[in-house]
Amino acid sequence: MPLSIAEFMGHPLMNELRLASILGQVSGVALLMIPTDGMQVIDGLAYLESKSMQHGQLTCSNILVDSIGNVKLWGQEHCQVSSDMKADIKALGTITMELIQGYAKTDGNTGLDKPERWPRGMDFLAATECTSRVDALVENSLLSLPWNTKRIVGLFSLVNIWASRGYTFPA
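Oh and the sequence shown: position 42 is 42 in UniProt numbering, straight run, nothing missing.
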């Protein structure tokens with residue numbers, strides 16, 4: 001059974017390779033039931049942008065991971081006609097903060113408490129703040145890491161066991 005990546009928020013074993021593996025292979029096109037061969041979230045959002053659509057409600061709760069490391073967007077009922085992707089790009093920044101440190105800053109600012117631990121994560125966050133076009137994120141250094149579904153299979157197993165026992169990670 002798939003888990004929401006909300007279960008991964010602030011996990012102590014999260015690192016930039018695992019973060020890239022989660023963000024790098026989310027398939028926005030999969031929500032439209034089109035085969036994707038592991039397209040990156042950026043490619044999925046670019047596809048939606050090319051169709052003048054946006055997800056509109058992109059959160060950790062509607063991104064799912066299965067036991068073999070496949071990551072998919074959920075909540076296609078939220079998709080709407082719009083040529084402005086800024087909301088989805090900003091949501092991607094929030095998701096990144098939540099995965100890294102367990103929460104997003106509540107003052108509306110983008111940033112991390114320990115930026116020295118996440119140099120590529122900080123670069124990605126900065127990119128989500130200063131662009132309104134999905135294709136501007138494609139060449140980001142975080143997504144250029146050698147991400148792979150196998151990098152999150154072990155993390156999925158741990159999270160699945162711990163979540164079934166009611167354990168949550170302190171933020």
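C-beta: ideal position from N, C-alpha, C; glycine also.
Which residues in the same chain have their Cβ closer than 8 Å to the Cβ of residue i, if we skip the five residues on either side of it in sequence?
i: Leu-112; result: Met-97, Ile-100, Gln-101, Trp-118, Gly-121, Met-122 and Leu-125
Excluding five sequence neighbours on each side, which residues of the same chain lie with their C-beta closer than 7 Å to the C-beta of residue i?
i: Leu-45; result: Gly-28, Met-85, Asp-88 and Val-134
i: Asn-148; result: Ser-21
i: Arg-18; result: Arg-151, Ile-152 and Leu-155
i: Ser-141; result: Arg-120 and Asp-123
Taking residue i and residue j to be in contact with their CB atoms under 8 Å, please state how far apart those CB atoms are, rounded to whole angstroms.
i: Glu-129; j: Thr-106; result: Contact doesn't hold; Cβ gap of about 16 Å is too wide.
Looking only at its chain, what residues have a beta carbon closer than 6 Å to the beta carbon of residue i, apart from the 5 residues adjacent to it on each side?
i: Gly-56; result: His-78 and Gln-80
Please name the residue, chosen from the options, that lies closest to residue i on a Cα-to-Cα basis.
i: Ser-132; options: Pro-2, Ser-83, Ser-21 and Ile-5; result: Ser-83
i: Gly-24; options: Ser-164, Gly-93, Leu-158 and Val-71; result: Val-71
i: Gly-93; options: Ala-127, Leu-64, Ser-52 and Ala-163; result: Ala-127
i: Leu-1; options: Val-65, Ser-144 and Gly-75; result: Checking the sequence shown, residue 1 turns out to be Met, not Leu. Comparing Cα positions, the closest option is Val-65.
So, residue i versus residue j, is the Cβ gap smaller than 8 Å?
i: Ser-61; j: Ala-104; result: no
i: Val-153; j: Ile-68; result: yes
i: Arg-151; j: Ser-4; result: no
DSSP has residue i in a bridge; who is on the other side?
i: Ser-4; result: Leu-64
i: Met-122; result: Looking at the DSSP assignment, Met-122 forms no beta bridge with any residue, so it has no partner.
i: residue 173; result: Residue 173 lies beyond the range of the chain shown here (1 to 171); nothing can be said about it.
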